[in-house]
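Beneath this line is the structure, given in structure tokens, with notes to follow.
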Amino acid sequence: MTSTTEPEIRYQVALAGRILDFLGQSDAILGFVGARAADGASFWMKQMPMGLDEVNPGDLLRLDYEGNVVEGEGRKHNEWVLFAAMFKDHSEMAAAVHTHAPYCLAVAAQSKSIEPFDQFGTYFYANGVPLFEETPDRVYTFELAEAILDRMGDCPASIITYHGILTHGASVREACMRAVYLEKAAQTQLLAYQGGAARPLDDVLARKLGLNAPYDLLYEFSWNYYERQIRKKSPDFGA
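This is the structure we're talking about:
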């Protein structure tokens, strides 16, 4: 599913934020979801003062690639350049998530990336999640944004050590579910190592599992499940 209209894109960006909050990736007002707008020359993201759990589609801002607010009202996020760099110069990145996912940060603080300790771990292990370890600075410059994206390469996710995660996808749903699964894999990994004698899956088996799972279906069904949970929790969401 690739969104083609502004109302669809706005709804999905807001819903992704609610899902990430529902699953523990909120950090007060920090973290954000974004997507390239239908016009191809701008992008949607939440305004800075609002938490992921508070955002409705009408609260989003549309920014051009120079950071000018062209639609909506509110203060733009200080790290808007991260998404501007992605959506302007990387056509395969139609949507993205940046949160301060705590389990991913704890894994990266050990100088580790994601290892195959569960089904989600096999996917990220097969793709090789890079760590950006040069600096944990907030992303206020295009130079730093491009350095992070260069390190990410062809992987759909990366971890900025001592800062947060970055995932992308061809749709908001894909970018969001990748962030969800990445954090789940990190959580399992940390729990496994707490046992003292944990060992990951065999390399060959892990790569086979990671490359063969029906992730398109998992993204769709998981997204739909979480949407139902959000609507139970907040019946007026999206109204």
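Note that the working numbering has the sequence shown beginning at -1, numbered continuously upward. Heads up, the beta-carbon is just placed ideally off N, CA and C, and yes, glycines get one too.
For the candidate residues the options, whose alpha-carbon lies nearest to that of residue i?
i: ARG171; options: TYR213, TYR101, ALA190 and ARG197; result: TYR213
i: ALA82; options: ARG73, GLY72, GLU71 and ALA94; result: ALA94
i: ALA145; options: ASP152, ALA155 and PHE130; result: PHE130
i: LYS206; options: GLU4, MET46, SER111 and ASN125; result: ASN125
i: TRP78; options: PRO134, PHE41 and LYS110; result: PHE41
i: THR186; options: ASP234, SER111 and GLY56; result: SER111
i: SER89; options: GLU113, GLY38 and TYR138; result: GLY38
i: ILE7; options: ARG60, GLY49 and ASP135; result: ARG60
i: THR133; options: ALA106, HIS161, LEU103 and PRO100; result: HIS161
i: ALA143; options: MET46, VAL105, ASN54 and LEU80; result: LEU80
i: GLU64; options: ALA14, PHE118 and PHE85; result: PHE85
So, are the CB atoms of residue i and residue j less than 8 Å apart?
i: LEU180; j: ILE158; result: no
i: ALA204; j: THR120; result: yes
i: LEU275; j: MET43; result: Because the chain in this structure spans residues -1 to 237, residue 275 falls outside the shown range and cannot be described.
i: ALA33; j: GLU4; result: no
i: THR228; j: PHE30; result: Just to set this straight, residue 228 is Ile in the shown sequence, not Thr. The answer is no: Cβ separation not under 8 Å.
i: TRP221; j: CYS174; result: yes
i: GLY167; j: PRO55; result: no
Count the other CB atoms within 10 Å of the CB of residue i; is the residue buried (16 or more) or exposed (fewer)?
i: VAL202; result: exposed
i: LEU209; result: exposed
i: ASP116; result: buried
i: THR165; result: buried
i: GLY151; result: exposed
i: ASN76; result: exposed
My output table needs one value for residue i: the three-state DSSP class, helix, strand or coil.
i: LEU199; result: coil
i: ILE163; result: strand
i: MET150; result: helix
i: LEU188; result: helix
i: LYS110; result: coil
i: THR97; result: strand
i: MET91; result: coil
i: GLY8; result: The residue asked about is misnamed: residue 8 is Arg in this sequence, not Gly. Three-state result, ARG8: helix.
i: VAL178; result: helix
i: VAL31; result: strand
i: VAL67; result: strand
i: MET(-1); result: Because MET(-1) carries a pLDDT of 43, less than 50, the predicted location of this residue cannot be relied on, and no value is offered for it.
i: PHE41; result: strand
i: SER156; result: strand
i: PHE219; result: helix
Tell me the rounded alpha-carbon separation between residue i and residue j.
i: GLU69; j: LEU216; result: 33 Å
i: MET(-1); j: VAL178; result: Confidence is the limiting factor: at MET(-1) the pLDDT is only 43, short of 50, which leaves the residue's position unreliable, though a coordinate-based value still follows. Approximately 18 Å, taken between the alpha carbons.
i: PRO198; j: GLY22; result: 25 Å
i: TYR123; j: PHE219; result: 22 Å
i: GLU113; j: ALA195; result: 15 Å
i: LEU147; j: ILE17; result: 24 Å
i: THR2; j: GLY72; result: 25 Å
i: ASP87; j: GLY193; result: 44 Å
i: ASP62; j: SER169; result: 19 Å
i: ALA190; j: GLU141; result: 37 Å
i: ARG226; j: ARG149; result: 36 Å
i: PRO128; j: SER109; result: 11 Å
So does residue i have its beta carbon nearer than 7 Å to some heavy atom of the ligand GDP?
i: TYR223; result: This structure lacks the ligand GDP, and indeed carries no ligand of any kind.
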